[in-house]
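S.K.:
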Amino acid sequence: MKKRTSEVKLLGPMAAIVIVAVCALVGSLWVWADQGDSLARTREENLVRQGMTEMANDHSLLMTPMTIWDKAVESTAVKYN
Numbered sequence: 028m029k030k031r032t033s034e035v036k037l038l039g040p041m042a043a044i045v046i047v048a049v050c051a052l053v054g055s056l057w058v059w060a061d062q063g064d065s066l067a068r069t070r071e072e073n074l075v076r077q078g079m080t081e082m083a084n085d086h087s088l089l090m091t092p093m094t095i096w097d098k099a100v101e102s103t104a105v106k107y108n
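Numbering-wise, the sequence shown is residues 28 to 108 according to the working numbering.
1. Below 8 Å CB to CB, which residues in the same chain sit around Arg-31 once its five sequence neighbours on both sides are set aside?
2. Consult DSSP for Val-105 and reduce its assignment to one of helix, strand or coil.
3. Who are the Cβ neighbours of Leu-56 in its own chain at under 7 Å, not counting the five residues just before and after it?
4. Using a Cβ-Cβ distance cut-off of 7 Å, determine whether Asp-85 contacts chain B.
Written out as structure tokens, the structure is:
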């Protein structure tokens with residue numbers, strides 16, 4: 028009977044150590060995944076921001092008024108006094 032109680036006394040702390048180790052492992056994986064997600068989100072936001080800025084710059088260049096004067100335009104232009 029004495030042998031069995033000593034085994035139980037050893038089994039309890041060992042089980043607690045295993046449970047704590049598993050919880051620490053799961054917790055560290057959780058934190059690691061969260062950090063990876065936040066880094067990926069930051070990269071994606073920067074990529075979208077740069078794309079939108081580039082697209083706005085392209086559109087502003089397209090909206091720049093361009094006039095090509097030639098003889099036909101000069102001939103048809105209304106001359107004001």
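Virtual Cβ for every residue (Gly too), placed ideally from N, Cα, C.
M.R.: In brief:
1. For the purposes of this step, residue 31 is taken as the residue at position 4 of the sequence shown. Once the five neighbours on either side are set aside, Arg-31 has no close Cβ partner at all.
2. Stepping through the sequence shown from its first residue, residue 105 is reached at position 78. Coil, per DSSP.
3. Counting from one through the sequence shown, the residue named residue 56 turns up at place 29. Cβ within range, chain order: n/a, list empty.
4. Note that chain B does not occur in the displayed structure, where there is just one protein chain.
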